[in-house]
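K.L.:
Protein chains in written order, with this note's numbering: chain A, 383 to 503; chain B, 383 to 503; chain C, 16 to 134; chain D, 16 to 134; chain E, 2 to 99; chain F, 2 to 99.
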Amino acid sequence: MSDIKKFMFVNRKAPYGTIYALESLEVVLITAAFDQDVSLAFLDDGVYQLKKGQQTKGIETKNFSPTYRALEGYDVEKLYVEQESLEARGLTEADLLVDVTVLGSKEMGALMEQQDVVLSF
Amino acid sequence: MSDIKKFMFVNRKAPYGTIYALESLEVVLITAAFDQDVSLAFLDDGVYQLKKGQQTKGIETKNFSPTYRALEGYDVEKLYVEQESLEARGLTEADLLVDVTVLGSKEMGALMEQQDVVLSF
Amino acid sequence: MKFGIVVNEGPYQHQASDSAYLFCKAAIERGHEVWRVFFYHDGVNNATRLTEPPQDDRHIVNRWGKLAEEHKIDLVVCVAAALRRGIRDENLAQGFRISGLGQLVEAGIQTDRLVVFGD
Amino acid sequence: MKFGIVVNEGPYQHQASDSAYLFCKAAIERGHEVWRVFFYHDGVNNATRLTEPPQDDRHIVNRWGKLAEEHKIDLVVCVAAALRRGIRDENLAQGFRISGLGQLVEAGIQTDRLVVFGD
Amino acid sequence: MLHIINKSPLCHNALESCLRTVGSGDILLIEDAVYAATKGNAMEDRMRAAAGQIKVYVLLPDLEARGLADRIIDGIASVDYGGFVDLVAANKNCQSWL
Amino acid sequence: MLHIINKSPLCHNALESCLRTVGSGDILLIEDAVYAATKGNAMEDRMRAAAGQIKVYVLLPDLEARGLADRIIDGIASVDYGGFVDLVAANKNCQSWL
């Protein structure tokens, strides 16, 4: 498996309501371990995954949001967030746990086109 | 269990995409067997459950829509459909498998208020 | 007051089972009775004794069983939904029993409030 | 062409597993290869041998096993998701195997197209 | 009557359907529906209007988990699980808009 | 690129997000998304506009199951599962808007 493919993980769901956000991180880390080209896209409620200040004690569930900060250590550095999704939720880059690249909808669509494998969460 | 309660089954989901429409019918029949006061409400994509002409051969799944016609035989006769949901889907009463009472949104809300038990599907 | 609870989704995938559990705990703390929890649709997957979550995660199946034992809650798994999804007596967790949809209707009749948790 | 398939939802509750199965059948009829089906999240519930649907309904678990046997499809169940949901070797249906998420990434690398079915 | 919503308002129509239908009673936002209680959300104006006519509550532990407990729209009250239980008990019946 | 949508357009925002984002390629409507391909649906105008810019397909077996095979909007093409496979093969990559 010497070939490198472009993997994009499209995150469109809020954290905690469903398990997808957590599982997406798992696959991202493993894909990085396979030395693939990894991008993460956050659209719709997926942008909420990156919100600072998550406190899960009251729902007795593990807070996995610190993992986003750890991605850099695994050389996962391409995080893209859709501008329109942020705005519709009253969020700005200052609300987010990590540095991201903010893209307009059509730019995000163009980036998706360039991928080899798109996994949706 | 001699007391009679008003049970309403609120159907808001399309058939086949998920199992809820099928399961709702199961509980309706059993609730009728318990001699309770049974109403069915169809809102949002739930109105599609009553669409005539369902043909499920191509998806290798059982077509359960004839069961709506059989409800009368179990003395389940209170079927309410929200007008706004029908209109948004381009449907009229003529498209439906069974006779129903069409209600406006607020009338539907008022009917929900009167129930003892509301089960959502 | 006497509560009945319905859980429509399996553990971990959706928050439904978590929310239902925390609701039950709070209801008991308030002095109410949780008379029955009915596991329906994918909710039957809350009742498998083979579950083994990661060490640092909550054990959703076991904590239902424990709560039921401590507070005499009747945990009922819908038989038709369970058969479709491979939940049977041989893999049923302690504290749960398998029975028919009539148990859901009965919960609607016998309790003061029936609260549904799902997707 | 070589296809990889991902199934994110369990049988019967959502159409995802049905759609994935019918897609695989059609791909094979078109002369393509289905190299691997990866069962992820609640999708692992497609792999229990204890399933027993009503007589007049499709048997989703068994038909996956049969298709895999006839066309040498690798049916892989995600181990972490399976442990969370009580799927283990002792209740695993014939034709499936349990393995890690690396098998999903490998499917992305080795196949020409990866198609995801879910909710 | 207590209306329980658990779906994100910008991704699902559950809250909209509820607001269209309901004339009185209480609404409780739980799970992913708690986003509807936050300032800056595209639903904010709708929620302010609704909160003027009908009492709207949000489940605080779910909002804290999502990191938004400091942005509750004025007029929406937060409750813990005990408060959730109280709302169910205080209303004659309840409905989950799944 | 092939965009696969499986959610009802009036209950979920998946199709809307896809249309907002996508500039070219193909869209395939399956499962509960097939309702977006039907005349009279509140999405009809949006779909007609989209179908002028991008090729839109609908999975016929799913539309037949839901009793609406006779109402496909002009300009939207129906395919069977074989056609679904062909669309995946013909596009360089695909994405499911779950």
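In this text, a Cβ means the ideal position worked out from N, Cα and C, and glycines have one as well. These numbers were taken from a predicted model, which means no experiment stands behind them.
1) Going by beta-carbon coordinates alone, are K40/F and I6/F separated by less than 7 Å?
2) Judging by CA-CA distance, which residue of D427/B, F503/B, A423/B, K488/B is the nearest neighbour of D481/B?
3) Looking at the strands, I want to know which residues DSSP matches up with Q30/C.
4) Would you tell me roughly how many angstroms separate the C-alpha atoms of D134/D and L99/F, rounded to the nearest one?
5) Thinking C-beta only, is V49/D closer than 7 Å to V92/D?
6) Can you confirm whether A416/A, when its beta carbon is compared against all beta carbons of chain D, has any partner nearer than 7 Å?
7) Can you pull the DSSP bridge partners for W50/D?
8) Anything in chain A within Cβ reach of G58/D, meaning under 7 Å, just list it in chain order.
9) Considering only their Cβ atoms, is the gap separating M2/E from E489/B smaller than 7 Å?
10) Looking only at its chain, what residues have a beta carbon closer than 6 Å to the beta carbon of M383/B, apart from the 5 residues adjacent to it on each side?
11) On the DSSP letters alone, give me the boundaries of the beta strand (DSSP E) that I85/E sits inside.
12) Where does T143/F fall in DSSP's three states?
13) If the cut is a Cβ gap below 7 Å, which residues of chain C does Q28/D touch?
14) Can you find a CB in chain C that lies within less than 7 Å of the CB of T63/D?
15) Tell me, which residues are paired with M390/A by DSSP?
16) Between the alpha carbons of R51/C and V89/F, how many angstroms are there, rounded?
17) Quick one: does R103/D have its CB under 7 Å from some CB of chain C?
18) Using a Cβ distance threshold of 8 Å, determine whether the stretch 455 to 463 of chain A contacts the stretch 419 to 436 of chain A, with at least three qualifying pairs required.
19) Are any of the Cβ atoms in chain B nearer than 7 Å to that of L29/E?
20) Might you give, ordered along the chain, the residues of its own chain that have their beta carbon closer than 7 Å to the beta carbon of T413/B, omitting 5 neighbours on each side?
21) Whose Cβ in chain F lies nearer than 9 Å to the Cβ of K488/B?
22) Which term fits S32/D, buried or exposed, when burial requires 16 or more other beta carbons within 10 angstroms of its beta carbon?
23) Spell out a yes or no on whether the stretch 117 to 129 of chain D and the stretch 116 to 133 of chain C are touching, meaning 3 or more CB-CB pairs, one atom from each, closer than 8 Å.
24) Compare the C-beta of G472/B with all C-beta atoms of chain F and state if any pair is closer than 7 Å.
25) Output the distance between the C-alpha atoms of E44/C and S447/B, rounded to the nearest integer angstrom.
26) Using the DSSP secondary-structure output, state which residues sit across from C95/E in a beta bridge.
27) DSSP three-state label for F38/D, please.
28) Just the chain A side, please: which residues come within less than 9 Å of L69/F by C-beta, in chain order?
29) Among Y36/C, Q28/C, P68/C, which one has its Cα closest to the Cα of I20/C?
30) Under 7 Å, Cβ to Cβ, is there at least one residue of chain F near H13/E?
31) By the three-class DSSP mapping on this structure, what secondary structure does M383/A have?
32) Taking DSSP as the reference, what is the three-state secondary structure of K488/B?
33) Return the CA-CA distance between Q25/F and Y55/C, expressed in angstroms with no decimal places.
34) According to DSSP, which residues form a beta bridge with Y58/E?
35) For the stretch 419 to 453 of chain B, which residues have a CB atom closer than 8 Å to at least one CB atom of chain F, in sequence order?
P.N.:
So, from the data block:
1) Stepping through the sixth sequence from its first residue, residue 40/F is reached at position 39. Stepping through the sixth sequence from its first residue, residue 6/F is reached at position 5. No, these two residues do not count as a Cβ contact at 7 Å.
2) As a position in the second sequence, residue 481/B is number 99, starting the count at 1. Taking the Cα of D481/B as reference, the smallest distance to any Cα among D427/B, F503/B, A423/B, K488/B is reached at A423/B.
3) Locating residue 30/C in the third sequence gives position 15, where the first residue counts as 1. For Q30/C, DSSP records no beta bridge to any residue.
4) Start at 1 with the first residue of the fourth sequence, and residue 134/D comes out as number 119. Start at 1 with the first residue of the sixth sequence, and residue 99/F comes out as number 98. Straight-line Cα distance between these residues: approximately 6 Å.
5) If you number the fourth sequence from 1, residue 92/D lands on position 77. If you number the fourth sequence from 1, residue 49/D lands on position 34. Cβ distance not < 7 Å, so V92/D and V49/D don't count as in contact.
6) Counting from 1 along the first sequence, the entry for residue 416/A is found at position 34. One detail in the question is off: residue 416/A reads as Phe in this sequence, not Ala. Under the Cβ distance rule, F416/A counts among the residues neighbouring chain D, one pair being separated by less than 7 Å.
7) Numbered from its first residue, the fourth sequence carries residue 50/D at position 35. DSSP, once it has assigned bridges, lists no residue as partnering W50/D.
8) Translated into positions along the fourth sequence, residue 58/D becomes position 43. Close partners of G58/D in chain A (Cβ separation under 7 Å) are lacking, with about 11 Å as the shortest Cβ gap.
9) The sequence position of residue 489/B within the second sequence is 107, counting from 1. The sequence position of residue 2/E within the fifth sequence is 1, counting from 1. Taking 7 Å as the Cβ cut-off, E489/B and M2/E do not qualify as a contacting pair.
10) Taking the second sequence and counting its residues from 1, one reaches residue 383/B at position 1. Legend: pLDDT at M383/B = 47, less than 50; position of this residue unreliable, value from coordinates given subsequently. Cβ within range, chain order: n/a, list empty.
11) Taking the first residue of the fifth sequence as position 1, residue 85/E is located at position 84. The amino acid occupying residue 85/E in the given sequence is Phe; Ile does not appear at that position. Run containing F85/E: none in the beta strand (DSSP E); it sits in the alpha helix (DSSP H), 82 to 91.
12) No statement about residue 143/F is possible, as the shown extent of chain F runs from 2 to 99 and does not include it.
13) One-based indexing of the fourth sequence puts residue 28/D at position 13. What Q28/D touches in chain C: H56, D57.
14) One-based indexing of the fourth sequence puts residue 63/D at position 48. Yes - at least one Cβ of chain C is within 7 Å of the one on T63/D.
15) In the first sequence, residue 390/A corresponds to position 8, counting from 1. Partner residues in the beta bridge of M390/A, as assigned by DSSP, are S421/A, V500/A.
16) Looking up residue 51/C in the third sequence gives position 36. Looking up residue 89/F in the sixth sequence gives position 88. Per the coordinates, the alpha-carbon of R51/C lies some 48 Å from the alpha-carbon of V89/F.
17) Position 88 of the fourth sequence, counted from the first residue, corresponds to residue 103/D. Among the CB atoms of chain C, one or more fall inside 7 Å of the CB of R103/D.
18) By the Cβ rule, the stretch 455 to 463 of chain A counts as touching the stretch 419 to 436 of chain A, because three or more pairs are nearer than 8 Å.
19) As a working note, residue 29/E is residue 28 in the fifth sequence. At least 7 Å separates the CB of L29/E from every CB of chain B.
20) Position 31 of the second sequence, counted from the start, is the residue given in the question as residue 413/B. Within the same chain, T413/B has close Cβ partners F389, V420.
21) Here residue 488/B refers to the residue found at position 106 of the second sequence. Correct list: empty, because the minimum Cβ distance to chain F is about 20 Å.
22) Locating residue 32/D in the fourth sequence gives position 17, counting from the first residue. Buried.
23) Not touching, per the Cβ criterion.
24) On the second sequence, position 90 is the one that residue 472/B refers to. Closer than 7 Å to the CB of G472/B there is at least one CB belonging to chain F.
25) Your numbering for residue 44/C matches position 29 in the third sequence. Your numbering for residue 447/B matches position 65 in the second sequence. Rounded to the nearest whole angstrom, the CA to CA distance from E44/C to S447/B is 44 Å.
26) The residue you call residue 95/E lines up with position 94 of the fifth sequence. For C95/E, DSSP records a beta bridge to L3/E.
27) Counting from one through the fourth sequence, the residue named residue 38/D turns up at place 23. The three-state reading of DSSP puts F38/D in helix, counting H, G and I together.
28) As a working mapping, residue 69/F is identified with position 68 in the sixth sequence. Close partners of L69/F in chain A (Cβ separation under 9 Å) are lacking, with about 26 Å as the shortest Cβ gap.
29) Taking the first residue of the third sequence as 1, we reach residue 20/C at position 5. For the set Y36/C, Q28/C, P68/C, the Cα lying nearest the Cα of I20/C is the one of Y36/C.
30) Indexing the fifth sequence from 1 puts residue 13/E at position 12. For H13/E, the nearest CB of chain F lies under 7 Å from its own CB, placing it at the interface with that chain.
31) Residue mapping note: residue 383/A aligns to position 1 of the first sequence, counting from 1. Because M383/A carries a pLDDT of 47, less than 50, the predicted location of this residue cannot be relied on, and the following value inherits that uncertainty. Three-state result, M383/A: coil.
32) Start at 1 with the first residue of the second sequence, and residue 488/B comes out as number 106. The three-state secondary structure of K488/B, taken from DSSP, is helix.
33) Taking the sixth sequence and counting its residues from 1, one reaches residue 25/F at position 24. Taking the third sequence and counting its residues from 1, one reaches residue 55/C at position 40. According to the sequence displayed, residue 25/F carries Ser and not Gln. Their backbone Cα atoms lie some 42 Å apart in a straight line.
34) Mapped onto the fifth sequence, residue 58/E falls at position 57. In DSSP, Y58/E forms a bridge with L29/E, A78/E.
35) Sequence-ordered contacts of the stretch 419 to 453 of chain B with chain F read D426, D427, Y430, K433, K434, G435, Q436, Q437, T438, K439, G440, I441, T443, N445, S447 [C-beta pairs closer than 8 Å].
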